[in-house]
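Numbering (the numbering used here), first residue to last: -12 to 169. Ideal placement from N, C-alpha and C gives every residue a C-beta, glycine not left out. Let me begin by presenting the structure, written as structure tokens, before commenting on it.
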């Protein structure tokens, strides 16, 4: 184990056997084999897949869960966690996920994943957290942010864009991680 935590953001909607789940499973496996501790949101979808891939590969998995999510959607933590960090609110959960990682990877996801990316990016921009990698995985994120930069160019200076890195797939994301955070 190299004592580095990698936070992984991602959506809750995918199921085992679907491409997004299988990519997340592979990501968890690759992170564990590289010796990283994996930190996820602790529930289902890509969070479960990353947790499962890491645990099955012998890695350590931390899940950050919260009371507000379970009050909204009656689910429990996934079975692949070695450690659960339970918090009362969604806000505290998001900040815990952001602060826990020496680097963060973002798989495809919905509004929650976009919120996590946006909040982390803002914290990086304002030096509210120490500098670290934020890698968005898959062509969808790159397309979304290229459109965002194009449409709102005057509001997003080039210096602020440097905090977002893009990887076409999980293999390239892990390669980037290994090159910058061995």
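Express the C-alpha separation of residue j and residue i in angstroms, rounding to a whole number.
i	j	result
residue 129	residue 162	18 angstroms
residue 58	residue 144	40 angstroms
residue -3	residue 90	14 angstroms
residue 100	residue 7	14 angstroms
residue 82	residue 104	11 angstroms
Could you tell me if residue i is buried or exposed, where buried requires 16 or more neighbouring beta carbons within 10 angstroms of its beta carbon?
i	result
residue 142	exposed
residue 80	buried
residue 63	exposed
residue 10	buried
residue 113	exposed
residue 94	buried
residue 146	exposed
residue 4	exposed
Within the continuous alpha helix (DSSP H) that includes residue i, where are the two ends?
i	result
residue 40	33 to 43
residue 13	6 to 20
residue 106	98 to 112
Only counting the same chain, and skipping five residues up and downstream in sequence, which positions put a Cβ closer than 6 angstroms to that of residue i?
i	result
residue 47	24, 69
With a CB to CB cut of under 8 angstroms and the five nearest residues on each side skipped, what residues in its chain are close to residue i?
i	result
residue 167	90, 120
residue 38	15, 25, 27, 29, 48, 50, 65, 67, 68
residue 160	14, 92, 122, 124, 154
In its own chain, which residues sit with a C-beta less than 7 angstroms from the C-beta of residue i, not counting the 5 before and 5 after it?
i	result
residue 116	85, 86, 110
residue 151	108, 121, 123, 132
residue 12	36, 39, 40
Exercise for the section: Taking only runs that begin and end inside the segment 53 to 105, name each unbroken alpha helix (DSSP H) of 4 or more residues, in chain order. Expected result: Runs of the alpha helix (DSSP H) lying entirely within the segment 53 to 105 and spanning at least 4 residues, in chain order: 54 to 59, 77 to 87.
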